[in-house]
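See structure below.
Residue numbers (the working numbering), protein chains in the order written: chain A, 629 to 939; chain B, -1 to 220.
See below:
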């Protein structure tokens, strides 16, 4: 089996030309591929670089990370042998250092403190190897961009946010936790990794926080992925419809990348996920309605949570 | 996204700081609008915006003029009162090179912060071209405050970290230093969370800083 059949990436720059989210994906070989999203950290990385067209360090970082990851894949460096994370981190460290040396100037204020990083960005990367009726998925991440999969049992968050406070996905939507780790040019960052096997059919998903972070509950994010699929007749329509649902809600740039394995056309996807979509809608979305109070949302989350963290 | 923002300006008001103080005076009336404009570009809106001023010098050299502290002004409603306060600050005194910046910072940390709203920011912005005395350097002076942090360790506890809550909200607080890379300030940069340090040249009155940089630094830290 080759795959994935469908890959979409819904993304948007809140201000044209100034967006700090990036993405890349590739499925060039028959049995491996990857998706990735990156969120340049505008606060920490607001410093502008004249030698980079006066772009912010955050924007340079997310674009560079996407480029490095794509090259890593094209050079067949995702080997699924336990060494991918260390080698990818080395590539990112080296390329970020080279870029910093290229664009940094001697003039301008010297900056320090933990709120400043040179070229900071989050990352969520999912490298996939097909094993017949299942896939092996290596997730790599830094910061608060997330990696998931979605199968008939629903959405499952695989990555754990690098934030300074310990909170679950529901609490995180309500808090203002600061990130504890991002990729940056000083090099002292962690690239986290987890490898899991996933039975097919399933979607592999990577999203910046602009995609999932502006809803009342994590169930809403699963629902917009599935409901946008139900309303579409092609991958392009799905991509556009997902963006249309995210744009009114988000306050940020966003990038959401989805690769579907084990299903071979849009009609097949819709048929397979129809029941799950209906279940989410009735049990969580309709039950909450438009005016649910916090107690009700929390109760619904407690019911949803075990499935969301099932792996 | 709507934010409730409190800002404390901690301003070294000794003799060499007149240029910086003039920048603050000249732009006080537009400050709220200018911050909001930068934040709007990022899709953020300020709902409640308050600002207060701590103007400091040296307890030993300047006696009663060592520390001026205001309450929070609500902007834009109290812009005139804020402007009047800023206009009353003038650069003089100081005595020796280090000043009592850590006492001023201690007062800032213990401000009556707004605790309402999901998205809050508690910002302290420090401007100085000098290093700091150790806490308590001026404690023999009559007007030295009681209940001041007795040393840097205690001040660090007041600031707090992710395991020990200080006087500010851990996720909301930000400390922006426009100061030299000298004792006091460098210790803070190296050991406290939620800090950004724009390192200036000592003794030059922060002449390299312009208003737009100040606005960007504050808006981007929100």
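Heads up, the beta-carbon is just placed ideally off N, CA and C, and yes, glycines get one too.
{"Asked": "Per-residue contacts from residue 126 of chain B into chain A (C-beta, under 9 Å)", "Found": "Under the 9 Å cutoff, chain A gives no residues; its nearest Cβ is about 15 Å from residue 126 of chain B."}
{"Asked": "Separation of residue 858 of chain A from residue 921 of chain A, as counted between CA atoms", "Found": "28 Å"}
{"Asked": "Beta carbon proximity, residue 691 of chain A to chain B, threshold 8 Å", "Found": "no"}
{"Asked": "Through-space distance from residue 801 of chain A to residue 106 of chain B, alpha-carbon basis", "Found": "29 Å"}
{"Asked": "Proximal residues of chain B, C-beta to C-beta of residue 742 of chain A below 9 Å", "Found": "187, 190, 191, 192, 193, 194"}
{"Asked": "Chain B contacts from the stretch 784 to 810 of chain A (Cβ-Cβ distance under 8 Å)", "Found": "792, 793, 802, 803, 804, 805, 806"}
{"Asked": "Residue 113 of chain B versus residue 56 of chain B - alpha carbon distance", "Found": "32 Å"}
{"Asked": "Beta-carbon spacing of residue 160 of chain B, residue 788 of chain A below 8 Å", "Found": "no"}
{"Asked": "4 or more residues per run - each alpha helix (DSSP H) lying fully within the stretch 113 to 186 of chain B", "Found": "150 to 157"}
{"Asked": "Reference residue 731 of chain A, options A:667, A:846, A:679, closest by Cα", "Found": "A:679"}
{"Asked": "Residue 761 of chain A, buried or exposed, once every other Cβ within 10 Å from all chains shown has been counted against 16", "Found": "exposed"}
{"Asked": "Cut-off 6 Å between Cβ atoms - residues of its own chain near residue 825 of chain A, not counting five sequence neighbours on either side", "Found": "762, 764"}
{"Asked": "Close-in-space but distant-in-sequence residues of the same chain around residue 995 of chain A (CB under 6 Å, 5 per side omitted)", "Found": "Nothing in the structure corresponds to residue 995 of chain A, since chain A is present only between 629 and 939."}
{"Asked": "Three-state class that DSSP yields for residue 815 of chain A in the structure shown", "Found": "coil"}
{"Asked": "Chain-ordered neighbours of residue 879 of chain A on chain B, where CB pairs are closer than 9 Å", "Found": "-1, 40, 41, 42"}
{"Asked": "Three-state secondary structure (DSSP) of residue 36 of chain B", "Found": "helix"}
{"Asked": "Residues within the stretch 890 to 912 of chain A neighbouring chain B, beta-carbon criterion of under 8 Å", "Found": "none"}
{"Asked": "Within-8 Å CB hit, residue 181 of chain B to chain A", "Found": "no"}
{"Asked": "Residue from B:197, B:140, B:123, B:101 with nearest C-alpha to residue 154 of chain B", "Found": "B:101"}
{"Asked": "Where the beta strand (DSSP E) containing residue 851 of chain A begins and where it ends", "Found": "Not the beta strand (DSSP E): residue 851 of chain A falls in the alpha helix (DSSP H), residues 846 to 858."}
{"Asked": "Beta strand (DSSP E) segment containing residue 673 of chain A, residue limits", "Found": "It is not in any beta strand (DSSP E) - residue 673 of chain A carries neither H nor E in the DSSP assignment."}
{"Asked": "Under 8 Å from the C-beta of residue 37 of chain B: neighbouring residues of chain A", "Found": "The contacting residues do not exist; residue 37 of chain B stays about 11 Å from chain A at best."}
{"Asked": "8 Å Cβ cutoff met for residue 744 of chain A and residue 672 of chain A", "Found": "yes"}
{"Asked": "Other residues of its chain near residue 150 of chain B: CB distance less than 8 Å, five sequence neighbours each side excluded", "Found": "100, 132, 133, 185"}
{"Asked": "As assigned by DSSP and simplified to three states, the class of residue 111 of chain B", "Found": "coil"}
{"Asked": "Straight-line Cα distance separating residue 687 of chain A from residue 629 of chain A", "Found": "Because residue 629 of chain A sits at a pLDDT of 47, beneath the cut-off of 50, its placement in the model cannot be relied upon, and the following sentence gives the value as read from the coordinates. Their backbone Cα atoms lie some 37 Å apart in a straight line."}
{"Asked": "DSSP bridge partner residues for residue 66 of chain B (one or two, in chain order)", "Found": "B:53"}
{"Asked": "Exposure label - residue 869 of chain A; buried when at least 16 CB within 10 Å", "Found": "buried"}
{"Asked": "Cutoff 8 Å; reference residue 586 of chain A; Cβ partners in own chain excluding five residues on either side", "Found": "The structure shown does not extend to residue 586 of chain A, since chain A is modelled only from 629 to 939, so the question has no answer here."}
{"Asked": "Own chain residues within Cβ distance below 6 Å of residue 60 of chain B, not counting five before or after", "Found": "91"}
{"Asked": "Own chain residues within Cβ distance below 6 Å of residue 209 of chain B, not counting five before or after", "Found": "21, 25"}
{"Asked": "Nearest to residue 856 of chain A (by Cα), restricted to the options A:871, A:845, A:847, A:846", "Found": "A:871"}
{"Asked": "Interface residues of chain A facing residue 218 of chain B [CB-CB closer than 8 Å]", "Found": "670, 671, 674"}
{"Asked": "Boundaries (first-last residue) of the beta strand (DSSP E) holding residue 194 of chain B", "Found": "193 to 198"}
{"Asked": "Residue 242 of chain B vs residue 16 of chain B beta-carbon contact at 8 Å", "Found": "No information on residue 242 of chain B is available, as it lies outside the stretch -1 to 220 that chain B covers here."}
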